[in-house]
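K.L.:
Please find one structure pasted underneath; my questions will follow.
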Amino acid sequence: MRAFDTFVTISLFVLLISAVLFSVYLGGMSTMLSDSGAPGIAVGGVFLAIFGIPVTAVTVYVAAVLLAWQADGLTFYYPIVAFGVMVVAAALVMVVSVGLIAMGQWIHERNASTAPAEASTATAREPKVLTYDRTHYFQEKNRDAELGVERHTGRRYLAVTMPQRGQEFREYFGLDKQTYEAFVAEPQDAIFLADRCRNGTYVTDRMPWAGSPVPKPVHAGQTGLARKRAILLTDVPTDVAGLAADLPPGIPYVVIVDDGVDPAGNVGVHAHSGAPRILIAAHQLGLG
Numbered sequence: 352m353r354a355f356d357t358f359v360t361i362s363l364f365v366l367l368i369s370a371v372l373f374s375v376y377l378g379g380m381s382t383m384l385s386d387s388g389a390p391g392i393a394v395g396g397v398f399l400a401i402f403g404i405p406v407t408a409v410t411v412y413v414a415a416v417l418l419a420w421q422a423d424g425l426t427f428y429y430p431i432v433a434f435g436v437m438v439v440a441a442a443l444v445m446v447v448s449v450g451l452i453a454m455g456q457w458i459h460e461r462n463a464s465t466a467p468a469e470a471s472t473a474t475a476r477e478p479k480v481l482t483y484d485r486t487h488y489f490q491e492k493n494r495d496a497e498l499g500v501e502r503h504t505g506r507r508y509l510a511v512t513m514p515q516r517g518q519e520f521r522e523y524f525g526l527d528k529q530t531y532e533a534f535v536a537e538p539q540d541a542i543f544l545a546d547r548c549r550n551g552t553y554v555t556d557r558m559p560w561a562g563s564p565v566p567k568p569v570h571a572g573q574t575g576l577a578r579k580r581a582i583l584l585t586d587v588p589t590d591v592a593g594l595a596a597d598l599p600p601g602i603p604y605v606v607i608v609d610d611g612v613d614p615a616g617n618v619g620v621h622a623h624s625g626a627p628r629i630l631i632a633a634h635q636l637g638l639g
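Here's what the structure looks like:
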């Protein structure tokens, strides 16, 4: 009888291991409770569910094994009682955990509903970003080209679809007014230039990515400008007097030569290193 009781006890304890493993799985699945998003005391409820359930099950299992090992009489009922205690204890831990999470959500919602409204002047405004608005789209088989105007600067552009990393995105290349109007009249020329841009021929003429912050115009009194790269905020750059700047058509960037704005409101720039110095009205230059 003693041998049979020992065999049954050991067999039941082996089966009980599956209950312990299930408690570990249940604790791991409890990480989904964090999706509630409630802060504060609710975090304690989540951690209690994750760690409390498996720790409780392991503790009950170890205690039952030790008690059965030290018992003098029949021991087959120890794993049975341990299973019942595990279920009840795990259920209690889960109830407490869910209760803490619910309490945390209630406190969070109550605080949000009773919090004083912020003054309208304190409302944060979303920063302006470069937005390319399409005006024309041309397509010929698998070749395409897009013409448009950037919303905040008025810069005309040619957009090119660039297949990369298994998906398509667009790169934007600056155009002057004359070239833009020529492409509207001759879409084939726009598609041809788009092919060349796609092949990397005009990388230096690439404009900032869509969604980039709108550059802030250079202003009088600003210093330390020398050698900074500035974006042209117009595709018809001029000096303060209105004289057209001698720059390559559609160039998006220039390099500032002067340290600051001169008394007339101009800034000396060049298209690239070694190019002649050219005066451009300060407000037509933007710094990121």
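Here our numbering is used: the sequence shown runs in plain steps of one and ends on residue 639.
Ideal placement from N, C-alpha and C gives every residue a C-beta, glycine not left out.
Report the partner residues of G616 according to the DSSP bridge assignment.
P.N.:
According to DSSP, G616 bridges with nothing at all.
K.L.:
Can you tell me whether DSSP reads E497 as helix, strand or coil?
P.N.:
strand
K.L.:
Using a Cβ-Cβ cut-off of 7 Å (strictly less than) and excluding sequence neighbours within five positions of L372, which residues of its own chain qualify?
P.N.:
none
K.L.:
Name the one or two DSSP bridge partners that L557 has.
P.N.:
The sequence as given places Arg at residue 557; Leu does not occur at that position. DSSP, once it has assigned bridges, lists F524 as partnering R557.
K.L.:
Locate the alpha helix (DSSP H) running through V406, then write down its first and last residues.
P.N.:
404–421
K.L.:
For G616, collect the residues of the same chain with a Cβ closer than 7 Å to its Cβ; drop the 5 residues on either side in sequence, then sort them by chain order.
P.N.:
Excluding positions up to five away in sequence, the list reads A571, V591, A632, A633.
K.L.:
For R549, collect the residues of the same chain with a Cβ closer than 7 Å to its Cβ; drop the 5 residues on either side in sequence, then sort them by chain order.
P.N.:
Same-chain partners within the cutoff: V511, M513.
K.L.:
May I ask you to verify whether the region 604–622 touches the region 533–543, counting CB pairs closer than 8 Å and requiring at least 3?
P.N.:
no
K.L.:
Can you grab the Cα-Cα spacing for the pair A433 / A440, in whole Å?
P.N.:
10 Å
K.L.:
What is the DSSP secondary structure of F427, reduced to helix, strand or coil?
P.N.:
coil
K.L.:
Check the DSSP bridge columns for R580 and list the partner residues they point to.
P.N.:
V606
K.L.:
Does DSSP put E532 in a helix, in a strand, or in coil?
P.N.:
helix
K.L.:
Using only CA atoms, which one of A415, G525, K579 lies nearest to P588?
P.N.:
Looking at the Cα atoms, G525 is the closest of the given residues.
K.L.:
Please decide whether L363 counts as near chain B, where near means a Cβ-Cβ distance under 8 Å.
P.N.:
The structure shown has no chain B; it contains just one protein chain.
K.L.:
Output yes or no for whether 8 Å exceeds the beta carbon distance between G562 and V618.
P.N.:
Cβ atoms of G562 and V618: not closer than 8 Å.
K.L.:
Beta-carbon within less than 7 Å of A622's beta-carbon, same chain only, minus the 5 sequence neighbours each way: which residues are those?
P.N.:
Contacts found: L598, P599, I602, V605.
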